[in-house]
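Going line by line, the protein sequences match chains A and B. The numbering used here applies: residue 304 is where the first sequence begins, and numbers increase by one. The numbering used here applies: residue 3 is where the second sequence begins, and numbers increase by one. The C-beta atom is built at its ideal place from N, Cα and C for all residues, glycine as well. Structure record follows, encoded as structure tokens.
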Amino acid sequence: MIFWEKKPVVFLLMATGAILVGTIITMVLPFAWVNTEADRIESVKPYAPLELAGRDVYIREGCNNCHTQTVRPLVAEVLRYGDYSKSGEFRYDRPFLWGSRRVGPDLARIGGKYPDAWHFQHMENPQSMVPRSNMPAYAFLKKNAVDPDYTRRKMEVLDFPYSESRIRDLAGQTEMDAVVAYLQKLGSDIPWREASRAAIVGELQNPYQDDSSIIPQGEALYAEHCAACHGKDLAGGIGPDIHDVDMPDSDLYEILYNGITDGGMPAFSRLGPDRVWKVVNYLKYQKRH
Amino acid sequence: MEQSKYDTAIVKSFVHWSILWGVVAILVGILISFQMVEPGLNFPPLFTYGRLRPIHTNAGIFGWAIGSFFATFLYMVQRLTRSPLWSPRLARFQLWFFNATIIAAAVTLLLGYNTSKEYHELEWPIDIMVVILWVVFAINIIMTIIKRREEQMYISLWFMLATIVGVAILYLVNAAEVPVSLFKSYSAYAGTNDANVQWWYGHNAVALVLTTPPLAVFYYFLPKSTGVPIYSHRLGIIAFWGIVFMYLWTGAHHLLWTPVPDWVQTLAMAFSVMLIAPSWASVFNGYLSMSGQWHQMRENYLVKFLILGITFYGLQTLQGPLQAIRSFSGFIHYTEWVPGHVHMGVLGWVSLVLFAAIYYLAPRIYGRELYSIPLANLHFWLVLTGQLIYSISLWIAGVQQAGMWHSIDPDGSLSYSFMETLIEMYPYWWIRAFSGVIYLAGIAIFIYNLAMTARRGRPVAADDAVTGV
């Protein structure tokens with residue numbers, strides 16, 4: 304029998320000591336590096352009142368149970384979601400919302416990917432935009448108003464800068480407006496979209512120029528990636544009618560590949576050149592005259 | 003006789019309530035598993051996956067597991083110290099306060115009051131209830147041990163004491179938050195720091211809620227069930243100090259490839275692999291205690307639960323370190339593989355050991371022999387089948403999902419869109435949902451058997467060994 308086996312108080316102190324060693328080294332020490340000047344990113348700003356209200360809706364509804372908010376520096380991940388996450392981007396996140404499982408896609412770079420209208424319709428009825436999605440509908444958020452006074456208190460507790468006019472603007476806003484504002488802020492504090500834009504050099508040649516056999520593939524790609532905004536029959540919806548797109552193949556390719564940042568058109572570079580050309584081909588064959 | 007001073011009524015109450023919360027955890031688990039295949043089963047605002055999943059995990063970990071550990075700890079501490087409980091009244095208070103806390107947790111989570119932190123979703127007023135509950139429990143256990151009549155503390159008491167102090171440190175540090183209103187607070191830590199603190203907590207909740215307590219139970223109930231002592235005291239010492247020292251370094255293996263400092267991730271990975279040694283010290287200790295006794299696997303249903311339980315502990319503590327390695331984590335993290343892993347731990351290891359303990363306690367809390375051993379065997383096979391189907395289907399799902407997520411075409415683009423990978427999950431999710439139903443059937447038989455024991459079991463003779471120490 305060793306001494307501590309008969310001395311409960313000594314034993315408790317020893318166990319506490321054993322627990323504290325790893326705790327101090329791996330949990331307390333990192334505070335010396337994180338959220339300091341070392342990882343500060345100048346362009347990262349605190350949440351605006353409406354965004355903060357939206358973030359709290361995201362927490363209340365437990366969105367983090369299905370969606371992560373960290374892009375890892377892995378090839379496929381950066382291709383799928385965008386630039387990998389940096390420590391300084393999360394400086395104002397209390398709590399952090401990195402999540403642990405991707406039942407749905409990562410949202411760290413969702414901001415600016417789709418226009419607001421896409422999000423409103425998707426939150427209200429996810430399956431109308433993504434047919435076989437298993438996401439619950441959050442239409443009820445449209446009925447809940449954001450509380451300006453409560454939001455002001457939150458801004459004060461978090462010590463975020465705000466103006467009274469921004470608080471007044473909250474009157475009449477719904478939780479749906481708030482959560483969409485939050486989603487549009489996510490990951491867009493650093494100019495990663497501009498940085499990752501592929502410069503297209505040289506003459507672009509459509510590899511499927513006169514190949515009508517490729518149309519069914521283009522149609523399937525259109526149905527999955529484009530129809531939610533431009534309509535199954537190309538008649539438009541969230542995005543414009545694109546029946547009679549009249550431009551050179553190379554221009555159309557560039558729009559699909561890099562998107563139109565100010566127009567709400569997402570970039571589809573992640574589909575790769577081959578699939579983008581197939582969509583271009585499909586669209587060209589839909590011209591009515 | 004001194005055992006008449008032992009408080010077994012409180013043990014019985016905790017057993018009953020923990021089983022009730024366990025049933026809640028399973029029912030909610032089954033509902034959310036069907037929600038994953040059929041989004042129409044979400045009924046917003048209250049009954050959506052996002053609000054129900056924390057209720058499932060909290061009811062399972064804190065209702066069923068902690069409730070059963072309260073029962074078994076209060077039972078073991080009296081026998082191992084050969085002393086009555088320091089305060090039976092405090093234990094009674096603990097019981098009702100425990101139930102009040104679980105109910106408050108369930109209601110507030112349903113209403114959407116949550117901190118978002120996994121396994122620490124409860125908002126600050128409930129945090130305070132948890133702290134009070136834990137202090138009350140700690141005082142009773144520690145004072146009973148201090149006033150003990152058995153000089154040496156058996157290994158189960160070491161694990162109990164480590165649980166008490168460890169959970170206290172974890173919970174208090176991770177609960178640091180600034181209230182905005184009665185049911186809303188903001189974390190005291192921000193961003194990457196918050197993530198690192200949370201997963202230091204999260205992984206060590208696995209250590210100190212789902213590892214050290216079932217080990218305390220295992221080290222007591224295995225020799226009690228087989229009638230032969232644990233194989234090695236020295237191996238027990240290695241297991242104990244290895245676990246309490248090494249576990250705390252490993253939290254960041256949940257955060258590999260994230261912005262958490264690289265050296266923290268590397269330490270977490272290294273210590274996760276090193277943890278195989280103290281974990282398997284207990285596995286070997288269990289197996290070697292069975293030498294010459296393996297025939298009991300056939301004859302003694304309690305041993306079957308316990309040995310399968312420690313086997314799943316062994317598998318869990320090999321699979322865990324594998325997932326904690328950077329390259330494998332890069333592949334498998336965030337996929338369906340992970341719930342497969344977690345459920346092998348809670349359903350296979352923790353719950354099997356607790357079922358054995360409760361079956362062992364049944365004659366001692368009801369004063370009656372178990373109603374039916376064949377039903378206990380059926381319970382065993384149903385929960386084992388349910389759990390294996392659950393875990394294996396999700397491991398396969400996770401590997402397929404990870405393969406599709408990472409697959410890249412020759413032109414450098416992704417092979418699959420996110421939806422194409424999600425659609426592939428539906429068959430596995432159907433299988434998983436039905437595995438939960440099989441598991442529930444096992445639990446129904448367990449409860450029926452206990453109820454019939456209480457009502458119709460053959461009374462235990464007064465001088466029967468069963469009522470003794």
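task: Determine the direct distance from the alpha carbon of Ile394/B to that of Ala463/B, and round the result to whole angstroms.
output: Here the question's residue 463/B lines up with position 461 in the second sequence. Here the question's residue 394/B lines up with position 392 in the second sequence. Separation of Ala463/B and Ile394/B (C-alpha to C-alpha, rounded to the nearest whole angstrom) is 45 Å.
task: Just confirm the distance between the C-beta atoms of Val579/A and Tyr560/A, as a whole number of angstroms; I'd bet it's less than 8 Å.
output: Residue mapping note: residue 579/A aligns to position 276 of the first sequence, counting from 1. Residue mapping note: residue 560/A aligns to position 257 of the first sequence, counting from 1. At roughly 5 Å, the Cβ-Cβ gap stays under 8 Å, so Val579/A and Tyr560/A are in contact.
- prompt: Which residues in the same chain have their Cβ closer than 7 Å to the Cβ of Trp201/B, if we skip the five residues on either side of it in sequence?
  reply: In the second sequence, the residue the question calls residue 201/B occupies position 199. Around Trp201/B, the same chain offers Gly253, Ala254, His256, Leu257 as residues with beta carbons nearer than 7 Å, after the five sequence neighbours per side are excluded.
field: Proximal chain B residues relative to Glu364/A, where beta-carbon distance stays under 9 Å
entry: To locate residue 364/A, count along the first sequence from 1; it is residue 61. Pro46, Pro47, Thr50, Gly52, Arg53, Gly114, listed in chain order.
query: Since Lys119/B meets chain A, which of its residues come closer than 8 Å, beta carbon to beta carbon?
result: Counting from one through the second sequence, the residue named residue 119/B turns up at place 117. Near Lys119/B (Cβ distances below 8 Å), the residues of chain A are Pro398.
- prompt: Any heavy atom of the ligand SAM closer than 7 Å to the CB of His345/B?
  reply: You won't find the ligand SAM in this model; it holds no ligand whatsoever.
task: Determine, using beta-carbon pairs with one atom in the region 100-107 of chain B and one in the region 74-90 of chain B, whether at least three such pairs fall under 8 Å.
output: No, the region 100-107 of chain B does not touch the region 74-90 of chain B.
- prompt: Between Ala270/B and the rest of its own chain, which residues show a CB-CB distance below 6 Å, the 5 nearest in sequence each way excluded?
  reply: Counting from one through the second sequence, the residue named residue 270/B turns up at place 268. Once the five neighbours on either side are set aside, the close Cβ partners of Ala270/B are Thr252, Ala254, His255.
- prompt: In whole angstroms, what separates the C-alpha of Gly470/B from that of Asn60/B?
  reply: Taking the first residue of the second sequence as 1, we reach residue 470/B at position 468. Taking the first residue of the second sequence as 1, we reach residue 60/B at position 58. For Gly470/B, the predicted model reports a pLDDT of 42, less than 50, meaning its position is unreliable; a value from the coordinates is still stated below. Approximately 35 Å, taken between the alpha carbons.
query: Straight-line CA distance for Asp513/A to Asp552/A?
result: As a first step, residue 513/A must be located in the first sequence, where it is residue number 210. As a first step, residue 552/A must be located in the first sequence, where it is residue number 249. Those two C-alpha atoms are separated by around 12 Å.
query: From Cys529/A to Gly407/A, what distance separates their C-alpha atoms?
result: For this step, residue 529/A is matched to residue 226 along the first sequence. For this step, residue 407/A is matched to residue 104 along the first sequence. Cα to Cα, the separation comes out at about 19 Å.
task: Find the residues of chain A that neighbour Pro41/B, judging by a C-beta separation of less than 9 Å, and give them in chain order.
output: Looking up residue 41/B in the second sequence gives position 39. Neighbours of Pro41/B across chain A, judged by C-beta separation under 9 Å: Pro429, Gln430, Ser436, Asn437, Met438, Pro439, Ala440.
message: Can you tell me whether Asn198/B is buried or exposed? The criterion is at least 16 other CB atoms within 10 Å of its CB, across all chains shown.
response: As a first step, residue 198/B must be located in the second sequence, where it is residue number 196. By the neighbour-count rule (16 or more Cβ atoms within 10 Å), Asn198/B is buried.
field: 8 Å Cβ cutoff, Ser468/A in contact with chain B
entry: For this step, residue 468/A is matched to residue 165 along the first sequence. Nearest CB-CB separation between Ser468/A and chain B: not below the 8 Å threshold.
query: So with Cβ pairs under 8 Å, would you call Trp495/A a contact of chain B?
result: Residue mapping note: residue 495/A aligns to position 192 of the first sequence, counting from 1. Not flagged as an interface residue toward chain B: Trp495/A, since no C-beta distance is shorter than 8 Å.
query: Does the distance from the C-beta atom of Tyr303/B to that of Val385/B stay below 8 Å?
result: For the purposes of this step, residue 303/B is taken as residue 301 along the second sequence, with counting starting at 1. For the purposes of this step, residue 385/B is taken as residue 383 along the second sequence, with counting starting at 1. Contact: no.
- request: With a cut-off of 8 Å on the beta carbons, I'd call Arg500/A and Arg383/A a contact; round off their distance for me.
  value: Position 197 of the first sequence, counted from the start, is the residue given in the question as residue 500/A. Position 80 of the first sequence, counted from the start, is the residue given in the question as residue 383/A. Their Cβ separation, rounded to whole angstroms, is 17 Å, which puts Arg500/A and Arg383/A out of contact at 8 Å.
task: Identify every run of the alpha helix (DSSP H) within the region 359-400 of chain A, keeping only runs that are complete inside it and at least 4 residues long; order them along the chain.
output: For the region 359-400 of chain A, whole alpha helix (DSSP H) runs of length 4 or above, ordered along the chain, are 378-384.
field: Partners in chain B for Arg343/A, counting only beta-carbon separations shorter than 9 Å
entry: Looking up residue 343/A in the first sequence gives position 40. Simply none; closest approach about 11 Å.
message: Please state the DSSP three-state secondary structure of Arg300/B.
response: For the purposes of this step, residue 300/B is taken as residue 298 along the second sequence, with counting starting at 1. Here Arg300/B sits in helix by DSSP.
- prompt: Can you find at least 3 beta carbon pairs, one from the region 437-448 of chain A and one from the region 331-350 of chain A, that sit closer than 8 Å?
  reply: Per the Cβ contact rule, the region 437-448 of chain A is not in contact with the region 331-350 of chain A (fewer than 3 Cβ pairs under 8 Å).
message: Between the alpha carbons of His343/B and Gln318/B, how many angstroms are there, rounded?
response: Here residue 343/B is taken as the residue at index 341 of the second sequence, counted from 1. Here residue 318/B is taken as the residue at index 316 of the second sequence, counted from 1. If you take the alpha carbons of His343/B and Gln318/B, they lie about 7 Å apart.
message: With a threshold of 8 Å between beta carbons, is Glu340/A in contact with chain B?
response: Counting from one through the first sequence, the residue named residue 340/A turns up at place 37. Not an interface residue.
message: Using only CA atoms, which one of Gly229/B, Ile445/B, Pro261/B lies nearest to Met292/B?
response: Taking the second sequence and counting its residues from 1, the one referred to as residue 292/B is at position 290. Out of Gly229/B, Ile445/B, Pro261/B, Gly229/B has the C-alpha closest to the C-alpha of Met292/B.
message: Once DSSP output is grouped into helix, strand and coil, what is the label at Met568/A?
response: Here residue 568/A refers to the residue found at position 265 of the first sequence. Three-state result, Met568/A: strand.
query: Gly521/A and Asn584/A: beta carbons closer than 8 Å?
result: Here residue 521/A is taken as the residue at index 218 of the first sequence, counted from 1. Here residue 584/A is taken as the residue at index 281 of the first sequence, counted from 1. In contact: Gly521/A and Asn584/A (Cβ atoms closer than 8 Å).
- request: Helix, strand or coil for Val180/B, going by three-state DSSP, please let me know.
  value: Taking the second sequence and counting its residues from 1, one reaches residue 180/B at position 178. In the structure shown, Val180/B adopts extended strand secondary structure according to DSSP, grouped into three states.
- prompt: Are there three or more Cβ pairs, one per stretch, closer than 8 Å when the region 448-459 of chain A is compared with the region 426-439 of chain A?
  reply: Segments in contact, no.
message: Using beta carbons (cut-off 8 Å, strictly below), is Val167/B in contact with chain E?
response: Annotation note: the requested chain E is absent from the structure, which comprises protein chains A and B.
query: If we count the other Cβ atoms within 10 Å of its Cβ and call it buried at 16 or more, is Arg300/B buried or exposed?
result: Here residue 300/B is taken as the residue at index 298 of the second sequence, counted from 1. Answer is exposed; the Cβ neighbour count stays below 16.
- prompt: Between the Cα of Tyr403/B and the Cα atoms of Tyr373/B, Glu371/B, Leu377/B, Gly332/B, which residue gives the shortest distance?
  reply: Stepping through the second sequence from its first residue, residue 403/B is reached at position 401. Here the sequence assigns Gln to residue 403/B, which means Tyr is not the residue at that position. Measuring C-alpha to C-alpha distances from Gln403/B to each of Tyr373/B, Glu371/B, Leu377/B, Gly332/B identifies Gly332/B as the nearest.
field: Neighbour list for Asp577/A in chain B, Cβ cutoff strictly below 8 Å
entry: For this step, residue 577/A is matched to residue 274 along the first sequence. Going along chain B in sequence order, the residues near Asp577/A (Cβ under 8 Å) are Asp411, Asp413, Ser415.
query: Of all the alpha helix (DSSP H) runs that stay within the bounds of the region 67-131 of chain B, which reach a length of 4 or more residues?
result: Counting whole runs of 4 or more residues, the region 67-131 of chain B contains the alpha helix (DSSP H) stretches 68-83, 90-112.
message: Could you compute how far the alpha carbon of Val219/B sits from the alpha carbon of Val305/B?
response: Translated into the one-based positions of the second sequence, residue 219/B becomes position 217. Translated into the one-based positions of the second sequence, residue 305/B becomes position 303. Approximately 13 Å, taken between the alpha carbons.
task: Could you name the residues of the same chain whose beta carbon sits closer than 8 Å to that of Trp307/A, not counting the 5 residues immediately before and after it, in chain order?
output: If you number the first sequence from 1, residue 307/A lands on position 4. Cβ neighbours of Trp307/A within its own chain (closer than 8 Å, five residues either side excluded): Val313, Phe314, Met317.
task: Check each residue of the region 248-260 of chain B: if its Cβ is closer than 9 Å to any Cβ of chain A, include it; give the result in chain order.
output: With the criterion set as a beta carbon lying under 9 Å from some beta carbon of chain A, the members of the region 248-260 of chain B are Met248, Tyr249, Leu250, Trp251, Thr252, Gly253, Ala254, His256, Leu257, Leu258, Trp259, Thr260, in sequence order.
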